[in-house]
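Notes follow the structure.
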Amino acid sequence: MQVDRILVLDFGSQYTQLIARRVRENNVYSEIFPFNAPLEKIRDFNPKGIILSGSPSSVYDKKAPIPDLKIFELGIPILGLCYGMQLMAHLLGGKVAKAQKREYGRSELFMDDDSDLFEGIPPHPPLTKGGSRGGAIVWMSHGDRIEKSPEGFKSIAHTENSPIAAMSDKGRHFYALQFHPEVVHTEKGKEILRNFIFNICRCGPTWTMESFIETEKERIKELVGNQRVVCGISGGVDSSVTAVLVHEAIGDRLTCIFVDNGVLREGEAKKVESMLRKNFHMKIRCVDASERFLKKLKDVKDPEKKRKIIGNEFIRVFEEEAMKIKNAGFLAQGTLYPDVIESTSFKGPSATIKSHHNVGGLLKKMKLKLIEPLRELFKDEVRVLGHALGMPDEIINRHPFPGPGLAIRCISDVTKERLDILRKADVIVLDEIKKAGLYNQIWQAFAVLLPVKSVGVMGDERTYDNVIAVRAVTSVDGMTADWAQIPYEVLGRISNRIINEVKGVNRVVYDISSKPPSTIEWE
Ligand code: XMP
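In the working numbering, each residue carries its 1-based index in the sequence shown increased by 1184.
If you want it as structure tokens, here you go:
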């Protein structure tokens, strides 16, 4: 089925991904291309509309990002946001004034015209004298502003500081907003975007999870032919959803590999394995490599060294296991859209990524090709996909768990004894948080075993034992986080149970640091 598409050209705004997500929330497919994408590529994508993102740049910067000017001749509706608006004014013959002062945050917008972009948005009382539709709070973040709109355009809204806060050229279907309709603080932002997508671009709400599943299954089936696919599963959402989707497409020709690296949570390996086996009848090879990992980690205290050791050893074990699979032609990975954009965006490859760089050696050695069925999806869409595939909530809504696992929560030395203590405490933290109904409001909750001992008294005896720190944070993306304000009673129960039930612990503390300046993990 033909799916209508909106293209977002990225000029470097912090909100670019948000624009694409907002479009997709309306069941219209959207992708992000770098601002300088060649016209051919844009044509091939066949968008029904183009949105120009904001940017930290000014159109007057020497290196201001400029798109191929022919996009204005494609006959496709274009919506410029913020820098995108200034760019349209600058390139199409208007005048952009250099900022004296930047305008950040809330502004009151007055819609002056019955533009089709504002259709169905009821006027707010009180109506202003000039017949404006009254104020709506919008989110601004701009330096320069439009002084004169280009020929063919007319101003359709103003704010106190921007006489032309929105403009349109209805004949050419060009629209521009000085504010950000994609952020939640902008009142009527959703309605404005919907008007652009549905009324102006004439898209249909055709992109649904069901259509995505069907298309992807067909694509994978065709791509794989009669070869085999290998997929590493970690227990996390991305790899599990990848495995289930590929399995739906090619059934038993998928083999999953689960590596127990010895620093997993209690029962993790078993839980994931049994869910995938029981619910989806998948072929899974479980490799217990815990001793290998723990041997390598012996006496290692430095967190970065721990990470390297675990990463390298994982590749080795995975390779050994994958080599045993005959006729394997593909490796399936749970790469998500934000990773894809980061590595292709005009800001250049980011230093923080990519997991498939790690498996590069494996791909070469085994002559495998990559399958990344989630590479067009955002994290929340992966969760919706998981639901649509019939996966249990327990897997889909799982807190993120770091690749180096409990090794970076066992501060300093990682030994089997210390891991056992940490695991038992960790089970209690999660158990109490789930019982209190807080699990889904929290980004991550876990126990950390500290490398200090403290004095306590149990019964008549003096103890000198370990300290457990409890960490629980709320966050949207893990980039920033706040400590979770868990009720005292819940913290009290966690502390009581850990001290009573976990031998070797006589003190529990709660971490009340936010990120930044602290990080979520302790190491
Ligand atoms: P920090 O501690 O940097 O963590 O605030 C942010 C998020 O990233 C996770 N994290 C990792 N994930 N390998 C991973 O796969 C790692 O080495 C790693 N270090 C941190 C952390 O759990 C949190 O969700």
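Glycine residues also receive a C-beta, built at the ideal position from the N, C-alpha and C atoms. Everything numeric in this text was worked out from a predicted model, so none of it was measured.
Where the alpha helix (DSSP H) through residue i begins and ends
i: Thr1162; result: Residue 1162 cannot be examined here, being either before or after the span of the chain that is shown, 1185 to 1707.
i: Leu1271; result: 1267-1275
i: Ile1381; result: Where Ile1381 is concerned, there is no enclosing alpha helix (DSSP H), given that its DSSP letter is neither H nor E.
i: Leu1202; result: 1200-1209
i: Val1598; result: Where Val1598 is concerned, there is no enclosing alpha helix (DSSP H), given that its DSSP letter is neither H nor E.
Between the CA atoms of residue j and residue i - distance to the nearest angstrom
i: Phe1530; j: Arg1378; result: Bear in mind that the predicted position of Phe1530 carries a pLDDT of just 49, short of 50, making it too unreliable to give a figure here.
i: Val1430; j: Glu1503; result: 20 Å
i: Thr1392; j: Ser1214; result: 12 Å
i: Arg1691; j: Ile1605; result: 13 Å
i: Ile1203; j: Ser1237; result: 8 Å
i: Leu1311; j: Ala1665; result: Because Leu1311 carries a pLDDT of 46, less than 50, the predicted location of this residue cannot be relied on, and no value is offered for it.
i: Tyr1288; j: Glu1402; result: 47 Å
i: Gly1643; j: Asn1684; result: 12 Å
i: Ala1620; j: Thr1658; result: 16 Å
i: Ser1638; j: Glu1371; result: 53 Å
i: Pro1334; j: Pro1365; result: 22 Å
i: Glu1565; j: Glu1303; result: 29 Å
i: Met1575; j: Asn1463; result: 8 Å
i: Ile1381; j: Glu1400; result: 24 Å
i: Ser1539; j: Gly1233; result: With a pLDDT of 41 at Ser1539, under the threshold of 50, the modelled position of that residue is not reliable, and no figure is offered here.
i: Asp1300; j: Gly1259; result: 18 Å
i: Ile1182; j: Glu1452; result: Absent from the model: residue 1182. The displayed extent of the chain is 1185 to 1707, so no value can be given.
i: Lys1332; j: Met1272; result: 11 Å
i: Phe1217; j: Arg1681; result: 52 Å
i: Glu1406; j: Val1414; result: 16 Å
i: Arg1227; j: Leu1253; result: 13 Å
i: Glu1709; j: Leu1265; result: The displayed coordinates of the chain run from 1185 to 1707. Any statement about residue 1709 would go beyond what the structure contains.
i: Arg1677; j: Ile1670; result: 11 Å
i: Val1613; j: Asp1483; result: 27 Å
i: Ser1418; j: Glu1673; result: 33 Å
i: Ala1350; j: Tyr1359; result: 8 Å
CB of residue i within 8 Å of CB of residue j, strictly
i: Ile1340; j: Gly1278; result: no
i: Leu1191; j: Pro1231; result: yes
i: Arg1437; j: Arg1412; result: yes
i: Phe1562; j: Leu1520; result: yes
i: Leu1552; j: Gly1513; result: yes
i: Val1471; j: Ile1493; result: no
i: Trp1323; j: Phe1294; result: no
i: Arg1286; j: His1342; result: no
i: Lys1490; j: Ala1591; result: yes
i: Asp1328; j: Val1367; result: no
i: Ser1242; j: Phe1195; result: no
i: Glu1497; j: Arg1469; result: no
i: Val1187; j: Thr1390; result: yes
i: Leu1633; j: Ile1617; result: no
i: Leu1546; j: Ile1499; result: yes
i: Ile1321; j: Glu1344; result: no
i: Arg1593; j: Trp1706; result: yes
i: Ile1305; j: Glu1209; result: no
i: Ala1656; j: Ala1629; result: yes
i: Leu1573; j: Val1428; result: yes
i: Phe1219; j: Pro1261; result: no
i: Ile1384; j: His1357; result: yes
Integer-rounded CB distance, given that residue j should sit under 8 Å from residue i
i: Arg1602; j: Gly1420; result: Actually they are not in contact, since the Cβ atoms of Arg1602 and Gly1420 sit about 24 Å apart, beyond 8 Å.
i: Asn1511; j: Ala1473; result: The pair is not a contact, with the Cβ atoms about 24 Å apart (cut-off 8 Å).
i: Val1425; j: Gly1570; result: 5 Å
i: Ala1609; j: Val1693; result: Contact flag wrong, Cβ pair sits at about 12 Å.
i: Leu1193; j: Met1269; result: With a Cβ gap of about 13 Å, Leu1193 and Met1269 do not count as contacting.
i: Gly1589; j: Leu1460; result: Going by Cβ atoms, the distance from Gly1589 to Leu1460 rounds to 19 Å, so no, they are not a contact pair.
Check: residue i C-beta below 7 Å from any heavy atom of ligand 1
i: Lys1174; result: Nothing can be reported for residue 1174: it is not among the residues displayed for the chain, which extend from 1185 to 1707.
i: Gln1628; result: yes
i: Pro1251; result: no
i: Arg1500; result: no
i: Arg1469; result: no
i: Ile1612; result: no
i: Pro1522; result: no
i: Arg1206; result: no
i: Val1286; result: Before going on, a small fix: residue 1286 reads as Arg here, not Val. False, no ligand heavy atom lies under 7 Å from that Cβ.
i: Gly1417; result: Sequence check: residue 1417 is Ile here, not Gly. Incorrect: Ile1417 has no Cβ contact closer than 7 Å to ligand 1.
i: Thr1703; result: yes
i: Arg1681; result: no
i: Pro1584; result: yes
i: Gly1662; result: yes
Continuous beta strand (DSSP E) stretch holding residue i: start and end
i: Val1413; result: 1412-1416
i: Gln1628; result: 1628-1642
i: Phe1229; result: Element bounds for Phe1229: not the beta strand (DSSP E) but the alpha helix (DSSP H), 1223-1229.
i: Asn1511; result: First-last for Asn1511: undefined, no H or E at that position.
i: Gly1327; result: Gly1327 -> no beta strand (DSSP E), and no H or E assigned at all.
i: Asp1422; result: Unbroken run through Asp1422 is the alpha helix (DSSP H), 1421-1434; no beta strand (DSSP E).
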